[in-house]
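Its first residue numbered 23, the sequence shown is counted upward by one per residue in the numbering used here. Read the structure below first, then the notes.
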Amino acid sequence: VYVDSPLATRATEVFIKNPGYYDHETWEILKEGAVPLTFENLKFVRTVDDSKELNMKAKGSIIISASGMCDAGRIKHHLKHNLWRPEACVLLVGYQAEGTLGRRLLEGAKWVKILGEDVAVRARIETISAYSAHADQAQLEQWLRSFSTRPQRVFLVHGEEDSRSALAEVLSQRLGLTTHIPAWEETVELTARSMSVTAPGHEAAQESPYPIYDFAQLRRELDRLEEALKGSSDAVWGLELERLADEITDLRRAYTTKALPTRGELE
23 VYVDSPLATR
33 ATEVFIKNPG
43 YYDHETWEIL
53 KEGAVPLTFE
63 NLKFVRTVDD
73 SKELNMKAKG
83 SIIISASGMC
93 DAGRIKHHLK
103 HNLWRPEACV
113 LLVGYQAEGT
123 LGRRLLEGAK
133 WVKILGEDVA
143 VRARIETISA
153 YSAHADQAQL
163 EQWLRSFSTR
173 PQRVFLVHGE
183 EDSRSALAEV
193 LSQRLGLTTH
203 IPAWEETVEL
213 TARSMSVTAP
223 GHEAAQESPY
233 PIYDFAQLRR
243 ELDRLEEALK
253 GSSDAVWGLE
263 LERLADEITD
273 LRRAYTTKAL
283 PTRGELE
């Protein structure tokens, strides 16, 4: 078992060196003779070269890497070298946000682009959702109830749109709180007694001109288009591909003056 994450390695070392901060459950495990943070076959990967060598090793290894949503870090190299292998398994731990590589894998993408290359997804994709450390709806509600003085307004800026809307309704109905879900690129200015909401080029803008979830959907459609093209004959698609390329070029030119996120930013 290889831990290939510099941050995870350093965090583990901190816990090993400071047993005085262990909770009761961890001490009970230690009393039974078990060591929860390390074992004989656990190895910590220190350098980039050692990380690259993992992909050349014999089969049967378990690699724990980051980032959790697969959008950055050493995990991208491991996915590039292993997603195409039918005998491999990718176990996603925790929440996968819209538009991330981890989310596309979870939704069943057959092809993904990693480090500039198209990679076929033949590995088994599994997930464990119980490891997330984020508070759920009930915990957030309880946290707000614990305030001796209730906040005048609650801003919901994290999470998917449906989840934020549902939480806003719960807080309004059960706690009588005023909530606000900021729009894309919206600016909220707070003073001691007032609040103003504006977006670039608009007064009191309440909705995003370019909703982020629309771009996540666009990225998924681009993935599906790439998959369809890969399974087609060049002889059949030659003229169609040329026409499609021209249309994409025209679209790009039409939006050149608009502040749209690039494809790289979407990935």
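Where a beta carbon is used, it is the ideal one built from N, C-alpha and C, also for glycine.
Which residue or residues does DSSP assign as beta-bridge partners of residue i?
i    : result
V143 : In DSSP, V143 forms no bridge with anything.
W165 : None; W165 has no bridge partner.
T201 : V176
L113 : E148
E211 : S218
List the whole-angstrom C-beta distance separating residue i from residue j, where the pair is believed to meet the contact cut-off of C-beta under 8 Å.
i    : j    : result
E299 : E182 : The question about residue 299 has no answer here: the residues shown for the chain are numbered 23 through 289.
K98  : I136 : 6 Å
L193 : L166 : 7 Å
A152 : R107 : About 27 Å separates the two Cβ atoms, so there is no contact after all.
G90  : V115 : 6 Å
R126 : D245 : 6 Å
K102 : V141 : 6 Å
V36  : I84  : Contact doesn't hold; Cβ gap of about 23 Å is too wide.
I150 : L113 : 7 Å
Can you look up residue i in the DSSP assignment and give me helix, strand or coil?
i    : result
R175 : strand
F66  : strand
V36  : helix
T60  : coil
I270 : helix
S87  : strand
T149 : strand
T48  : helix
T31  : helix
Y24  : strand
L76  : helix
K102 : helix
S135 : Reading off the sequence shown, one finds Lys at residue 135, where the question assumed Ser. K135: strand per DSSP, three-state reduction.
G42  : helix
E182 : coil
E191 : helix
E54  : coil
Q159 : helix
R96  : coil
R107 : coil
G82  : coil
S230 : Legend: pLDDT at S230 = 42, less than 50; position of this residue unreliable, value from coordinates given subsequently. Correct three-state label for S230: coil.
G121 : coil
Going by the CB atoms, is the gap between residue j and residue i shorter than 9 Å?
i    : j    : result
L123 : D158 : no
L212 : P173 : no
C111 : E139 : no
I203 : L162 : no
L128 : H100 : no
S27  : S87  : yes
S216 : V210 : no
P58  : I51  : yes
S170 : Y117 : no
V67  : T31  : yes
Cβ contact (3+ pairs, closer than 8 Å) linking the region 132-140 and the region 60-80: no
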